[in-house]
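Read in order, the letters of the sequence shown are residues 1 to 507 in UniProt numbering. Each residue gets a CB set at the ideal place from its N, CA and C atoms; glycine is no exception. Note that the coordinates shown come from a computational prediction; the quantities given were computed from them, not determined experimentally.
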Amino acid sequence: MAGEGSRRWKRVLVGVLSVVLLLCGAGVALGTWAWTGTVVDTTGKVDFVNRLAVPPLAESRIDAQGRRVFDLRAQTGERDLGQGGRTRTWGYNGDYLGPTLRAKRGEEVLVNVVNGLDRPTSVHWHGMHLPAVMDGGPHQMVRPGATWSPHWTVNQPAATLWYHPHPHGETEEHVYRGLAGMFILDDEPASALALPRRYGVDDIPVIVQDRGFDSNGQFDDGHSLLGGVGILGDTLLVNGTVGPYLDVTTERIRLRLLNGSNARSYDFGFADGRGFALIGTDGGLLASPHQTGRIRLSPGERAEIVVTMRPAERVVLRSFPPNVGDDLFGRFSGGDDSFDVLELRAAGSLAPAPEVPSRLVPIDRLDPATAATTRRFQLSDRKINGKAMDPERIDFAVTRDTTEIWEITKQDGTPHSLHVHDVQFQVLSVDGREPPPELRGWKDTVLVTLNRPIQIIARFADYADPNIPYMFHCHLLYHEDQGMMGQFVVVNPGQSPGRPPSHGHHG
Ligand SMILES: [Cu+2]
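Written out as structure tokens, the structure reads:
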């Protein structure tokens with residue numbers, strides 16, 4: 001009896017163990033599927049059959065007050081992106097993306113922004129130094145059918161900036177549907193340099209965005225299950241072109257790379273391993289070119305590079321697996337993904353181009369000894385310093401014409417960046433060390449990696465307004481929408497911060 005009983009228990013035990021093992025097996029299989037299934041690799045698989053679209057330069061006129069006036073209209077549209085149907089899109093003055101705005105330092109610009117959508121939106125001038133009320137953040141919403149006409153004097157170095165919507169809680173969707181464009185600034189020192197500068201010929205905007213498509217060829221805005229960064233697509237659009245190639249007619253070509261993606265970071269280089277000259281970052285040209293083979297860009301960041309070509313050759317601009325933050329689970333944030341981005345096709349004979357100058361523009365280093373204060377920001381759980389964005393709350397006030405050091409750390413398992421409105425900053429240190437060459441120029445957005453605090457320094461010059469805040473936030477748009485954003489005002493010396501206008505105020 002005892003033997004039979006123990007045999008029965010043995011059978012039960014074996015049964016239970018089998019179920020446990022089966023569950024473990026299923027778990028491992030699911031884990032393996034998730035681990036291997038999330039990697040996207042399009043290298044060698046892209047048919048470069050479409051000529052790269054180059055956004056047109058926006059037309060402008062000079063008004064009676066001498067201001068350069070642009071017109072932008074946010075509208076719906078549709079475009080054949082080769083996904084088995086016409087994809088419903090949004091764009092400025094067209095069906096997808098917008099024209100390239102261009103202005104010179106010293107000019108006063110005015111942009112008439114018309115909202116042709118059926119919901120409120122805004123247009124933020126990313127990287128622009130301007131009064132807070134002109135900034136186009138969540139406090140300058142434009143109602144459907146309304147026109148918003150911000151104006152300001154361009155007073156910063158030549159740079160590759162951009163514009164995109166910034167409605168609180170909906171930026172991810174508005175940008176994903178196609179609302180974005182480039183804003184190029186010129187100045188005399190940059191124009192005097194022997195750099196490629198013929199727009200659309202040897203000076204090319206390259207707006208890189210990842211998109212997913214559903215079975216009807218519509219944008220798939222589903223979030224990736226793991227990783228928590230929002231939307232990661234498996235198809236690249238460059239200036240809205242799928243499978244793009246660019247005909248090159250000169251020995252050297254300047255690419256203005258803009259990561260216009262919602263959540264994805266890239267590590268750009270060339271498939272044949274050739275190097276290039278990094279000449280500029282977010283807020284302008286570097287002091288001297290940096291010869292490198294790779295440049296990593298997180299969402300919102302820009303880089304200007306000059307590539308040398310030989311006659312009749314073809315080379316592919318590629319994105320290699322980017323370090324998205326030293327995370328164990330970086331794979332789920334696109335950290336193991338690779339893409340073929342754009343094929344450069346050189347003509348049989350190329351117009352000669354001068355070598356990239358060894359000196360570009362002087363950059364005065366901001367002196368940390370002059371900083372009025374050091375602030376610390378912890379990015380984690382879609383909050384900054386434990387607080388989610390509240391449009392009614394001013395987080396702090398900065399005194400106009402003072403310099404501040406901000407120290408940023410990241411504490412959770414997903415990538416985060418910090419984008420600061422109003423200023424271009426300099427990176428003082430990364431994990432206590434000198435920043436690498438690609439972080440030694442003007443920046444407005446920087447990727448923050450785990451356990452490596454980044455110190456930045458900025459001067460908050462010219463504009464003060466105690467009531468209208470500037471934003472600072474993670475530029476992974478899902479995180480921004482979720483509340484990883486704060487507000488600061490710039491006040492005159494001795495002035496107290498006021499109250500922001502109630503949310504939804506239509507400037
Ligand atoms: Cu983030």
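| Asked | Found |
| --- | --- |
| Alpha carbons only, please: which of 316, 305 and 300 is nearest the one belonging to residue 290? | 305 |
| Across which residues does DSSP place residue 160 in a beta bridge pair? | 184 |
| Report the CB separation of residue 307 from residue 256 in whole angstroms; it is logged as a contact under 8 angstroms. | Actually they do not touch by this definition, with Cβ atoms about 12 angstroms apart. |
| Is the region 229–246 touching the region 51–66, taking contact as three or more C-beta pairs under 8 angstroms? | yes |
| When you compare the CB positions of residue 138 and residue 465, do they come within less than 8 angstroms of one another, or not? | no |
| So which of 154, 155, 94 and 169 has the shortest CA-CA distance to residue 479? | 169 |
| For residue 147, tell me which candidate among 117, 159 and 41 has the shortest Cα-Cα distance. | 117 |
| Is any heavy atom in ligand 1 found nearer than 7 angstroms to the beta carbon of residue 476? | yes |
| Alpha carbon to alpha carbon, how far is residue 325 from residue 318? | 20 angstroms |
| Using the rule of at least 16 other Cβ atoms within 10 Å of the residue's Cβ for burial, across every protein chain shown, is residue 393 buried or exposed? | exposed |
| Under 8 angstroms between the Cβ atoms of residue 40 and residue 234? | yes |
| Have a look at the DSSP bridge pairing and note the partners of residue 247. | 345 |
| What residues are listed by DSSP as bridge partners for residue 110? | 69 and 151 |
| Tell me whether the beta-carbon of residue 192 lies closer than 8 angstroms to the beta-carbon of residue 476. | no |
| What number of angstroms, rounded off, separates the C-alpha of residue 140 from the C-alpha of residue 309? | 45 angstroms |
| Which same chain residues, not among the five before or five after residue 149, have their C-beta less than 8 angstroms away from its C-beta? | 110, 111, 112 and 113 |
| Report yes if the C-beta distance between residue 361 and residue 287 is below 8 angstroms; otherwise report no. | yes |
| Does the separation of the CB atoms of residue 254 and residue 196 fall below 8 angstroms? | yes |
| On the CB-based measure, 16 or more other CB atoms within 10 Å of its CB, does residue 251 come out buried or exposed? | buried |
| Contact defined as beta carbons within less than 8 angstroms: I believe residue 134 pairs with residue 160. What is the distance between those atoms, to the nearest angstrom? | Not quite, the Cβ-Cβ distance comes to about 20 angstroms (not below 8 angstroms), so this is no contact. |
| Please state if the CB of residue 491 and the CB of residue 400 are separated by a distance shorter than 8 angstroms. | yes |
| When the distance is taken between beta carbons, is residue 157 closer than 8 angstroms to residue 284? | yes |
| Run the proximity test for residue 166: is its beta-carbon closer than 7 angstroms to any non-hydrogen atom belonging to ligand 1? | no |
| For residue 113 and chain B, any beta-carbon pair shorter than 8 angstroms? | Among the protein chains of the structure shown there is no chain B, as only one such chain exists. |
| Quick one: grab the DSSP three-state call for residue 441. | coil |
| Whole angstroms are fine: how far does the CA of residue 369 sit from the CA of residue 520? | The requested residue 520 does not occur in the structure, where the chain is confined to residues 1 to 507. |
| If you draw a straight line from the C-alpha of residue 219 to the C-alpha of residue 74, how long is it? | 18 angstroms |
| Considering only residues of the same chain and omitting the five flanking positions on each side of residue 458, which have a CB-CB separation below 8 angstroms? | 366, 403, 404, 406, 420, 423, 424, 425 and 426 |
| Is it a yes or a no for the region 327–338 touching the region 220–229, going by three-plus beta-carbon pairs under 8 angstroms? | yes |
| Rounded to whole angstroms, what is the Cα-Cα separation between residue 440 and residue 178? | 31 angstroms |
| Contact check, residue 585 vs residue 351 under 8 angstroms by CB: the rounded distance? | A query on residue 585 cannot be resolved here, the shown segment of the chain reaching from 1 to 507 and no further. |
| Would the beta-carbon of residue 271 fall within 8 angstroms of that of residue 315? | yes |
| Would you say the beta carbon of residue 129 is closer than 7 angstroms to some non-hydrogen atom of ligand 1? | no |
| Cα separation between residue 144 and residue 76? | 12 angstroms |
| Quick check on the DSSP output: the beta strand (DSSP E) that includes residue 176 runs from which residue to which? | Careful: residue 176 lies outside any beta strand (DSSP E), inside the alpha helix (DSSP H) at 171–176. |
| Would residue 436 be called buried (16 or more neighbouring beta carbons within 10 Å of its own) or exposed? | exposed |
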